[in-house]
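Colleague:
Residue numbers (the numbering used here): 28 to 142.
(1) Between residue 48 and residue 59, is the Cβ-Cβ spacing less than 7 Å?
(2) Looking at the unbroken beta strand (DSSP E) that takes in residue 107, where does it start and where does it end?
(3) Per DSSP, what are the beta-bridge partners of residue 67 in this structure?
(4) Could you check what DSSP says for residue 220 in three-state terms: helix, strand or coil?
(5) Express the C-alpha separation of residue 75 and residue 85 in angstroms, rounding to a whole number.
(6) With a 10 Å radius around its C-beta and 16 neighbouring C-beta atoms as the bar for buried, classify residue 101 as buried or exposed.
(7) Bridge partners of residue 58, per DSSP?
(8) To the nearest angstrom, how far is it from the Cα of residue 107 to the Cα of residue 93?
(9) Run the CB neighbour count on residue 32, radius 10 Å, all protein chains shown included, and call it buried at 16 or more, exposed below.
(10) If contact is defined by three or more beta carbon pairs under 8 Å, each pair taking one atom from either stretch, is the segment 115-135 in contact with the segment 60-67?
In C-alpha cells, the structure reads:
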C-alpha cells in the first residue's frame, strides 16, 4: 500500500470511534476522520465474535486486500478504521469489496471520476 500507513495506537482508534464519521453495511463499519498528514492511515478491527484466529486473520487479509486494490481511488489525508462485523467472516470476497467501496463512497472518500 503506497499511500497508507497502519494505525496501531489505541487512542487513535478511540478518537475515530467517538469523533469520526461512520458508514455501516452488513459486513463492515467504516469510521473516518481527516488527519494532518498527506496520506491515509488504515486500522482494522476484527473482534473475537467472528471466530477463532484463522477466521479472524482471513477476514483481516480480505479487507486489507480490498483496500489495497482500490487504494488509488480513495481521497488522501484521512484516518480510516474498518470494523469487521460477524457477516464478514462468511461473506465472499466480492461482497466485502462491494461493502467497503459503498461505505467509502457514503463517507465521500472516493475520488470523483473525470469524464
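Backbone N, C-alpha and C fix where the C-beta goes; we use that ideal spot for every residue, glycine too.
Modeller: Once the coordinates are examined:
(1) Taking the first residue of the chain shown as 1, we reach residue 48 at position 21. Taking the first residue of the chain shown as 1, we reach residue 59 at position 32. Contact: yes.
(2) Here residue 107 is taken as the residue at index 80 of the chain shown, counted from 1. 105-111 is the extent of the beta strand (DSSP E) around residue 107.
(3) On the chain shown, position 40 is the one that residue 67 refers to. According to DSSP, which records beta bridges pairwise, residue 67 is partnered with 31.
(4) For residue 220 there is no data in the structure shown, the boundaries of the chain being 28 and 142.
(5) Along the chain shown, read from residue 1 onward, the residue named residue 85 stands at position 58. Along the chain shown, read from residue 1 onward, the residue named residue 75 stands at position 48. Looking at the two C-alpha atoms, the distance is approximately 13 Å.
(6) Position 74 of the chain shown, counted from the first residue, corresponds to residue 101. Residue burial is scored here from C-beta neighbours: residue 101 has at least 16 other C-beta atoms within 10 angstroms and is therefore classed as buried.
(7) Position 31 of the chain shown holds residue 58. Under DSSP, residue 58 forms a beta bridge with 49 and 108.
(8) Translated into the one-based positions of the chain shown, residue 107 becomes position 80. Translated into the one-based positions of the chain shown, residue 93 becomes position 66. Each residue's Cα considered, the two are about 14 Å apart.
(9) Translated into the one-based positions of the chain shown, residue 32 becomes position 5. Sixteen is the threshold: since fewer than 16 other Cβ atoms of the shown chains lie within 10 Å of the Cβ of residue 32, the residue is exposed.
(10) Touching, no.
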